[in-house]
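Protein sequences appear in the order of chains A and B. Under the working numbering, residues 1 to 318 are what the first sequence spells out, in order. Under the working numbering, residues 1001 to 1318 are what the second sequence spells out, in order. All C-beta atoms in this analysis are idealised placements derived from N, C-alpha and C, irrespective of residue type, glycine included. Read through the structure below, which is laid out as structure tokens, and then see the notes.
2 protein chains.
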Amino acid sequence: MQPRLQDIANELGVSAATVSNALTGRGRVSPALRDRIRATALAMEYRPSPQARALRTGRSGVIGLVLPDLSNPLFPAIAQAVESAAAAAGFGVLIADSRGDTGTQTDALRRLERQGADGIVLVPRRGTRLMAMDLPVAVIDTASTPGNTAASDHRGGGALAVAHLADLGHRHLLFLGESRQSLVQSDRIAGMRAALTPQMQAETLWLEDGGDIAATRATGIIATSDLHALTALTTLHRSGRRVPDDVSVIGFDDHAFGRAITPALTTVAQDTQAIAGAAIASLAAQLGGAPAPHERIFPMTLTRRGSTAPAPNPNTET
Amino acid sequence: MQPRLQDIANELGVSAATVSNALTGRGRVSPALRDRIRATALAMEYRPSPQARALRTGRSGVIGLVLPDLSNPLFPAIAQAVESAAAAAGFGVLIADSRGDTGTQTDALRRLERQGADGIVLVPRRGTRLMAMDLPVAVIDTASTPGNTAASDHRGGGALAVAHLADLGHRHLLFLGESRQSLVQSDRIAGMRAALTPQMQAETLWLEDGGDIAATRATGIIATSDLHALTALTTLHRSGRRVPDDVSVIGFDDHAFGRAITPALTTVAQDTQAIAGAAIASLAAQLGGAPAPHERIFPMTLTRRGSTAPAPNPNTET
DNA sequence: CTGTTAGCGCATTCAT
DNA sequence: ATGAATGCGCTAACAG
């Protein structure tokens, strides 16, 4: 049997309350006694019961993380960052994958609440309307999302990608998205459009509409995710265009496979650490009784790799 | 304030114990009363306190999941499967990423224990030696791992890949691994070797040793993961070889990007659902007082896609 | 500075 | 079939 607070109190002939005070450091205990208590606690391999503590304090020390879909390469990075930020703040992380419709997402939220989460980090599915919960919630999505807590500057990221291609002399671009419904994708593409210089032109291809990537005459392609960049890259190869010699390709989110391929993928990455940290900080603040902090937006950064190069000689183009 | 068991008891003029019996269905309560209690509980939006229940029963209803590295494309699939199997069995899932050395893995295990997990699903890092824990643990790794609970038949998976290429007339293969230390990779390659027919020959390239994939004269490449298959695919393209016309490529684990590329990747997949289900079932059994069930091994399946085709005409080869 | 008392919300005896 | 009493292990008040 695990030793309880009382056991170590008996061992030293003090009261359980004093042991609690000594161990948590909250009440006042003489330094000498405190050290003796800590020493014997260690010796007896005392582990406080999280359930008892949770019942007493009303805090489980666990937060819930709701993700749209772990099998989408974008989200594990966020999960990892949230887990590490939470661990640093002393929280455990309960995951819930809301795979499927927004209904499962609601179920997931309820389940986490039932399981005693102190707060929730939510990466919402497209078109979610946040229901009222009596738990603190931090939302990670985009600046365009009402109620958002922390997000990347997706428009700025789009602009970064266009600026990079502009610097390399590209004039004719293709923007590649999957779904118009995704706020993240729309924001990224809006940022791209806004950053076009007067000499540049761009078309947008939404994969949900169908359409042939290889048919483009653009010399630069910016996809809203590494996954679609990969599709573009391999489709181009297949049709005999070389990357980056003939066409440059940029992705988003710096997924592991972008470094596994040849040429490695130039990509625009989120500062997932910072975002996760802000989300956790927001929850911690709310749990501390403070009002929810303002939304925080973090810049994205472009990592140049082998998939982008100067535009080919215009002679061939025109 | 949330209603407690007592509140709903007062409402109906019965005792809290009866309400508890009615709601959990364990004690004996007259059907009529039971239904009335359930109805008012619903009406009052009663939610049992997980912390109180946990303290009383000694069970938190939460299991821990320890993964080596969420950013490695292999693991999110497992996480998703475990989460879904756990949810089906009424468990929540606390994640811990043991990113870094085996020391962090030990920390992760301790943290989950401290946080009140009832049991643990562990996907161990290479070379882990499982420490004794006083929690039930289910290990997902390979049949070669001592103490393993559920795993894929990685050798069988390797054999499947070789058989597929043999059927297509390939005689000269290249096996691509990353690290000899990985039991999973070693098992897969061992299975490949064992399945070679007398007419076939194969070389093995470990990426940790360096070496040039494009230098091979093999007409079929089997990588121990989709990620390395992707490296092979793009490297071959780069050096002017066509996939699958000149060289066929097979990966492992059926990651999302394998379907995003052109040609789509033929791959050997694990039955993650079954494995996760077995792991959860093992924990549930142990929590129920039963001994840990025997190890269970699940077959892998090959999904044929565009990256494999009949071997090119031998004339060009010899 | 330390000990005593009380109770968090629930599930389980054991009476009735 | 139902109710009263008890305690899971801990911490927050207050008393000494």
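Supposed close pair Val121(A), Leu283(A) - CB separation, criterion 8 Å: 7 Å
For Gln1199(B), which beta-bridge partners are listed by DSSP? Paired residue(s): none; Gln1199(B) is not in a bridge.
With a threshold of 7 Å between beta-carbons, can His1237(B) be considered close to chain A, or not? yes
Closest residue to Arg111(A) among Ala1161(B), Gly1090(B), Ala1096(B) (Cα-Cα distance): Gly1090(B)
Quick check on this structure: which residue in Gln1105(B), Arg1171(B), Thr1267(B), Gln1002(B) has the alpha carbon closest to the alpha carbon of Asp134(A)? It is Gln1002(B) whose Cα lies nearest to the Cα of Asp134(A).
Alpha-carbon spacing of Asp107(A) relative to Val66(A), whole angstroms: 10 Å
Between Ala1279(B) and the rest of its own chain, which residues show a CB-CB distance below 7 Å, the 5 nearest in sequence each way excluded? Cβ neighbours of Ala1279(B) beyond the five flanking positions: Val1082, Val1121, Ala1138, Ile1140, Thr1149, Ala1150.
Note down the Cα distance separating Val1377(B) from Val1184(B), rounded to an integer number of angstroms. Lying before the first or after the last residue shown, residue 1377(B) is absent from chain B, which here runs from 1001 to 1318.
Is it true that the region 210 to 220 of chain A meets the region 1242 to 1249 of chain B, where meeting means three or more beta-carbon pairs spaced less than 8 Å apart? no
Can you tell me where the alpha helix (DSSP H) with Arg1085(B) in it begins and where it stops? It is Ala, not Arg, that sits at residue 1085(B) in the sequence shown. 1074 to 1088 is the span of the alpha helix (DSSP H), which, as asked, contains Ala1085(B).
Going along the region 1090 to 1114 of chain B in order, which residues come within less than 8 Å of chain A, judged by CB to CB distance? Gly1092, Val1093, Leu1094, Ile1095, Ala1096, Asp1097, Arg1099, Arg1111, Leu1112, Glu1113, Arg1114
Looking at the structure shown, is Val19(A) part of a helix, part of a strand, or coil, going by DSSP? DSSP places Val19(A) in the helix class (H, G or I) of the three-state scheme.
Can you tell me which of the three DSSP states Arg1296(B) falls into? strand
In terms of residues, what are the limits of the alpha helix (DSSP H) holding Val162(A)? 154 to 167
Status (buried if at least 16 other CB within 10 Å, exposed otherwise) for Arg129(A): Arg129(A) should be labelled exposed.
Is there a C-beta anywhere in chain B that falls below 7 Å from the one on Pro293(A)? Closer than 7 Å: no.
Considering Phe1257(B), what are the terminal residues of the alpha helix (DSSP H) in which it resides? 1257 to 1260
Could you tell me which residues DSSP pairs with Met268(A) in its beta bridges? Checking the displayed sequence, the identity of residue 268(A) turns out to be Val instead of Met. Bridge partners of Val268(A): Phe252(A), Leu302(A).
So, are the CB atoms of Gln1080(B) and Leu109(A) less than 7 Å apart? It is not a contact, given that the beta carbons lie outside the stated cut-off.
Mark Ser15(A) as exposed unless 16 or more other C-beta atoms lie within 10 angstroms of its C-beta, in which case mark it buried. When all chains shown are included, Ser15(A) counts as exposed.
Between which residues of its own chain and Thr272(A) is the CB-CB distance below 8 Å, once the five residues before and five after are set aside? Within the same chain, and ignoring the five residues on either side of Thr272(A) in sequence, the residues whose Cβ sits closer than 8 Å to its Cβ are Ala77, Ile78, Gln80, Ala81.
Thr1318(B) in three-state terms, based on DSSP: Confidence at Thr1318(B) is low in this model, with a pLDDT of 41, below 50, so its placement is unreliable and no value can be given for it.
Have a look at Arg1305(B), Ser1084(B), Phe1075(B), Leu1174(B) and flag the residue whose alpha-carbon is nearest the alpha-carbon of Ile1063(B). Checking every option, the nearest Cα to that of Ile1063(B) belongs to Ser1084(B).
If we define contact as Cβ-Cβ less than 7 Å, is Phe257(A) a contact residue for chain B? The Cβ of Phe257(A) sits closer than 7 Å to at least one Cβ of chain B.
Going by alpha carbons, who is nearest to Val189(A) out of Gln199(A), Glu178(A), Ala264(A)? Residue 189(A) is actually Ile in this sequence, not Val. Nearest option by C-alpha distance: Glu178(A).
Looking at chain A, which residues of the region 1056 to 1067 of chain B have a Cβ within less than 7 Å of any of its Cβ atoms? Cβ contacts with chain A come from Ser1060, Gly1061, Val1062.
Taking the CB atoms as reference points, tell me whether Leu1302(B) and Leu1205(B) lie closer together than 7 Å. No, the Cβ-Cβ distance between Leu1302(B) and Leu1205(B) is not below 7 Å.
Does Leu1227(B) get closer than 7 Å to chain A when you measure Cβ to Cβ? yes
For Val123(A), which option in Ile275(A), Leu12(A), Leu230(A) has the closest C-alpha, if you only look at C-alpha atoms? Ile275(A)
Assign Pro299(A) to one of two classes, buried (16 or more other C-beta atoms within 10 Å of its C-beta) or exposed (fewer than that). exposed
Spatial neighbours of Thr266(A) within its chain, please: C-beta separation below 6 Å, excluding the five flanking residues on both sides. Taking Thr266(A) as the centre and dropping the five residues before and after it, the same chain places the C-beta of Ile250, Arg304, Arg305, Ser307, Thr308 closer than 6 Å to its C-beta, in chain order.
Taking the alpha carbon of Gly288(A) as the point to measure from, which residue in Asn72(A), Ala256(A), Gly58(A), Ala264(A) has its own alpha carbon closest? Gly58(A)
Other residues of its chain near Gly1156(B): CB distance less than 8 Å, five sequence neighbours each side excluded: Closer than 8 Å at the Cβ level, and outside the excluded window around Gly1156(B), lie Gly1191, Pro1299, Met1300.
His170(A) - DSSP class collapsed to helix/strand/coil: coil
Return yes when the Cβ of Ala223(A) is within less than 7 Å of the Cβ of Leu173(A), no when it is not. no
Taking Ala132(A) as the reference, which of Ser144(A), Phe75(A), Gly119(A) has the closest Cα? Gly119(A)
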